[in-house]
Ligand SMILES: Nc1ncnc2c1ncn2[C@@H]1O[C@H](COP(=O)(O)OP(=O)(O)OP(=O)(O)O)[C@@H](O)[C@H]1O
Ligand SMILES: [Mg+2]
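Chains as they are written, first to last, in this note's numbering: chain D, 7 to 367; chain B, 16 to 586.
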């Protein structure tokens with residue numbers, strides 16, 4: 007798609023020579039792109055970032071930056087801005103000194119330096135805090151300074167390792183907004199690490215879902231959510247219902263799945279290749295339909311029993327017993343015509359076949 | 016936009032809170048008391064319990080640490096020995112102008128003082144004390160202690176010749192003692208006899224001697240000398256004045272009184288033994304006199320030397336700066352404060368050497384310890400723990416063993432010299448002198464104190480996250496810039512703590528300089544130890560110690576000014 011600004015080619019990494027922490031990583035990041043690495047703890051996100059920044063070397067494979075291999079460039083020559091998880095603001099320097107540091111080591115003149123520092127501080131709305139020490143700032147303020155410091159020397163690539171991990175929800179949302187805004191305004195390329203999926207979805211152009219040292223799926227947020235490529239991604243991103251069964255018929259882009267209790271449903275075959283494969287069928291809670299009128303006449307429906315009804319204000323969240331499982335969730339909008347169900351009630355549910363994806367078991 | 020909105024809300028909330036606080040004044044607890052007061056009450060019990068828990072340690076520290084320090088500070092200025100041993104002489108010397116030998120009266124005062132001091136066997140102590148200031152006084156005092164008995168013998172014989180009553184202790188008691196004492200003494204003697212007869216143990220002491228009321232006005236020196244005699248023999252020998260003939264100096268005092276008191280005063284005396292006194296007064300003028308200065312000089316030439324008297328006069332104050340002056344190579348002369356003679360100056364040089372060598376040792380410890388601590392803090396836990404044990408290993412061997420090992424290594428025929436000669440770096444006839452000099456002290460002490468530098472450094476470096484240096488590098492700093500601008504400043508608290516530890520330990524170090532320092536490598540503490548255990552000049556040792564203490568505090572203050580004491584982290 008885009009010309010690759012950063013490219014990981016068949017990169018592997020092992021710390022101890024026994025286990026691969028990163029297995030065969032192929033990742034191309036376009037210029038100006040905001041790419042998020044999302045994945046559970048220990049999946050190798052930080053390791054990837056560190057290899058890019060130059061603090062770890064790849065055991066195998068090549069990383070290129072703007073077409074040039076960087077394996078042999080020392081970290082300080084890579085010109086990559088980095089925001090660390092704990093901010094890593096130098097405690098013995100004031101905020102302004104922290105910001106001036108990358109300019110000083112680049113031998114930029116004093117007046118230009120001061121001007122750039124002021125501009126960077128204004129950019130993160132911290133203009134009055136230049137004389138403070140990091141310890142005298144709140145978490146969110148420190149975060150902004152760390153961001154400003156990573157940007158002040160105008161790098162083209164900025165890496166951020168869970169920069170919002172320590173902030174409370176509200177501040178986090180503000181900062182997410184500010185970071186994406188800033189990144190787009192400055193046109194910088196951002197590689198962002200998080201294990202918060204909402205953060206990944208709201209901020210990024212593309213998200214790379216990591217698990218077990220591999221990218222499970224690399225796609226834009228909406229694709230990722232609506233068209234997960236495998237059951238890990240489906241489970242990891244957003245809320246998801248799974249039903250296990252066996253493929254009994256494949257018919258172009260529709261297949262028939264017989265669930266373990268004998269019920270038959272339609273699904274889109276994504277990760278199944280042949281009749282007889284075991285599969286996990288994935289369906290989003292908000293795509294489940296309880297009103298038969300809205301379904302196609304030939305659609306398969308399932309019997310369900312209400313196990314729990316939770317009122318959540320804007321939505322209702324209903325837990326159902328379906329096909330032998332009792333963790334099937336349905337979310338419905340709190341609309342005027344929506345009935346509040348009672349536990350024990352017997353209903354029928356269904357969905358559009360294209361919302362139901364047959365994935366690997 | 017979002018930020019500005021939240022900012023406004025935050026500010027408004029803060030304003031509201033402030034306004035609320037201003038309106039209500041002090042916050043009240045549920046029972047209506049001010050909250051602060053309730054809180055204090057609640058905390059008091061806790062504090063008391065905490066205090067009780069540390070009380071044993073506190074007491075221990077007070078007794079073994081704080082008290083000795085104050086005792087030392089006190090000893091360094093204390094000089095009551097002169098005025099306690101020679102009280103009359105000190106008074107008599109107050110107006111002495113140091114031009115000629117003191118007057119007969121001063122010598123008389125010295126005679127009474129010395130007689131009592133000799134009987135109490137404390138004259139030699141004062142002699143040793145004054146000997147620190149002027150050599151030779153010690154022997155003067157010792158010799159005079161033996162001859163003083165005879166002073167006044169001439170007078171005693173003449174009084175006894177005149178009237179044998181003067182030989183009778185009872186006659187003296189009748190003249191000198193207060194009537195109620197005589198009664199109390201008689202009562203005591205009766206009880207003692209009764210106990211003796213009944214074979215009962217009797218350990219009650221004789222009532223303390225009391226002088227008669229009027230006698231001091233008539234015969235002042237005699238009364239004084241007699242009281243001195245009576246109390247001394249009571250206290251020192253458990254003898255009774257009722258059984259002992261007075262010292263010869265008492266007769267000397269009587270002779271001087273009879274000559275010097277106006278005849279009318281003597282004639283007006285109508286107390287006990289008035290006849291005896293007046294009889295003697297009549298003829299005393301014809302008695303053979305004693306030239307007191309001559310007598311003293313005859314005992315020891317020292318008494319003819321103005322220097323002896325000057326020393327007594329100079330050091331007669333109960334508190335003296337003499338020890339401190341001596342500790343700074345100064346001396347107090349009647350002309351004021353002067354430098355000690357060149358060949359006796361030693362302490363300033365020793366203080367200077369102690370400081371310079373301690374700073375050298377401290378610097379070497381930083382240079383050697385910093386890389387080690389850096390390595391330790393950057394290695395994986397397992398390896399660093401193992402290496403840390405190696406750092407601590409010296410603590411598990413005796414200091415003496417380690418120091419002696421250096422002797423083996425450093426001596427002229429030792430391992431290091433042998434190796435250097437073998438390598439051809441040093442000629443066999445020009446082996447390096449590595450021990451019994453400053454080099455030896457510095458090497459051995461650097462080795463011994465190195466752990467005290469490494470440990471605080473290590474514990475501080477351990478807390479510096481690697482992300483700081485990484486951040487610096489990602490911002491474009493080279494390895495050395497990242498180290499000097501980011502890592503090093505954060506390790507300064509550890510350096511500070513290590514330096515303070517090493518410097519303070521080394522400035523008071525004693526064993527190692529003693530063993531490997533030879534003559535040129537010893538520290539001030541070796542001199543202090545010498546004065547404590549060999550020369551027994553505790554005052555000077557205390558003064559040296561106090562100066563050392565002041566020095567350390569001053570350097571501490573300086574450090575606080577330059578680096579800031581909150582910039583010290585021991586872990
Ligand atoms: N320096 C190291 N030495 C050995 N193993 C390491 C090292 N750093 C990380 N690992 C291992 O590599 C794996 C991936 O670590 P990494 O830090 O990349 O995870 P992560 O995805 O960033 O996780 P998190 O979300 O918790 O930060 C983990 O199993 C971790 O134990
Ligand atoms: Mg991580």
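In this text, a Cβ means the ideal position worked out from N, Cα and C, and glycines have one as well.
Would you kindly work out how many angstroms separate the C-alpha atoms of residue 324/B and residue 148/B, rounded to a whole number?
-> Here the C-alpha atom of residue 324/B lies approximately 12 Å from the C-alpha atom of residue 148/B.
Taking DSSP as the reference, what is the three-state secondary structure of residue 14/D?
-> strand
Taking buried to mean at least 16 other C-beta atoms within 10 Å of its own C-beta, is residue 84/B buried or exposed?
-> exposed
Looking at the C-beta of residue 477/B, does it have a partner C-beta in chain D at a distance below 8 Å?
-> Chain D, which has no Cβ nearer than 8 Å to the Cβ of residue 477/B, makes this no.
What do you reckon, is the C-beta of residue 60/D under 7 Å from a heavy atom of ligand 3?
-> The ligand content of the structure shown is limited to ligand 1 and ligand 2, which means ligand 3 is not among them.
Going along chain D, which residues have a C-beta under 8 Å from residue 480/B?
-> For the C-beta of residue 480/B, the chain D residues within less than 8 Å are, from N- to C-terminus, 92 and 94.
Which term fits residue 104/D, buried or exposed, when burial requires 16 or more other beta carbons within 10 angstroms of its beta carbon?
-> By the beta-carbon neighbour count (other beta carbons within 10 angstroms, threshold 16), residue 104/D is buried.
What's the call for residue 348/D, buried or exposed, on a 16-neighbour Cβ count within 10 Å?
-> exposed
Cross-chain neighbours of residue 86/D in chain B, by beta carbon under 9 Å = 489
Looking at the C-beta of residue 36/B, does it have a partner C-beta in chain D at a distance below 8 Å?
-> Confidence at residue 36/B is low in this model, with a pLDDT of 48, below 50, so its placement is unreliable and the value that follows should be read with caution. Output row for residue 36/B: interface = no.
Nearest to residue 147/D (by Cα), restricted to the options 209/D, 229/D, 259/D and 173/D = 173/D
Within 7 Å: the Cβ of residue 50/D and any heavy atom of ligand 1?
-> For ligand 1, at least one heavy atom lies less than 7 Å from the Cβ of residue 50/D.
For residue 496/B, return the contacting residues in chain D, with the cut-off set at a CB-CB distance below 7 Å.
-> Residues of chain D passing the Cβ test: 111.
Is the beta carbon of residue 472/B sitting closer than 8 Å to the one on residue 513/B?
-> Less than 8 Å separates the beta-carbon of residue 472/B from that of residue 513/B.
Let me know if residue 271/B comes out buried or exposed under the rule of 16 or more other beta-carbons within 10 Å of its beta-carbon.
-> buried
Give me whichever residues DSSP pairs with residue 68/B in a beta bridge.
-> Answer is none; residue 68/B lacks a bridge partner.
Based on the DSSP secondary-structure assignment, which residues constitute the bridge partners of residue 261/D?
-> 256/D and 273/D
Should residue 501/B be flagged as near chain D, meaning a C-beta pair shorter than 8 Å?
-> yes
May I ask you to report which of helix, strand or coil DSSP gives residue 32/D?
-> strand
Check whether the Cβ of residue 27/D lies closer than 7 Å to any heavy atom of ligand 2, and answer yes or no.
-> no
Apart from the five residues on each side of it in sequence, which residues of its chain come closer than 7 Å, Cβ to Cβ, to residue 555/B?
-> 147, 338, 341, 342 and 546
Could you please give the first and the last residue of the uninterrupted beta strand (DSSP E) stretch that includes residue 108/B?
-> First-last for residue 108/B: undefined, no H or E at that position.
Do you know whose CA, among 223/D, 47/D and 37/D, lies nearest residue 70/D's CA?
-> 37/D
So what does DSSP say about residue 40/D, is it helix, strand or coil?
-> strand
Alpha-carbon to alpha-carbon, residue 515/B and residue 450/B | Straight across, the Cα-Cα distance linking residue 450/B with residue 515/B is about 26 Å.
Whole angstroms is fine: what's the gap from residue 333/D's alpha carbon to residue 354/D's?
-> 16 Å
According to DSSP, is residue 75/D helix, strand or coil?
-> Three-state DSSP puts residue 75/D in a strand.
Which term fits residue 190/D, buried or exposed, when burial requires 16 or more other beta carbons within 10 angstroms of its beta carbon?
-> exposed
Between the beta-carbon of residue 140/D and the beta-carbon of residue 101/D, is there less than 8 Å?
-> yes
Grab me the residues of residue 316/D's own chain with a C-beta within less than 8 Å of its C-beta, minus the 5 sequence neighbours each way, in chain order.
-> Within the same chain, and ignoring the five residues on either side of residue 316/D in sequence, the residues whose Cβ sits closer than 8 Å to its Cβ are 322, 323, 324 and 325.
If we cut at 8 Å on Cβ distances, does residue 98/D have a partner in chain B?
-> True, the Cβ-Cβ gap to chain B drops below 8 Å.
Name the residues in the segment 51-68 of chain D whose C-beta lies less than 8 Å from a C-beta of chain B; which are they?
-> Of all residues in the segment 51-68 of chain D, 59, 60 and 61 have a Cβ within less than 8 Å of some Cβ in chain B.
Spatial distance of residue 61/D from residue 484/B (CA atoms) | 10 Å
Helix, strand or coil at residue 198/D according to DSSP, with G and I counted as helix | strand
Endpoints, the beta strand (DSSP E) within which residue 22/D is located = Residue 22/D -> no beta strand (DSSP E), and no H or E assigned at all.
Under the criterion of a Cβ to heavy atom distance below 7 Å, does residue 47/D qualify as lining ligand 1?
-> Short note on residue 47/D: C-beta closer than 7 Å to some heavy atom of ligand 1.
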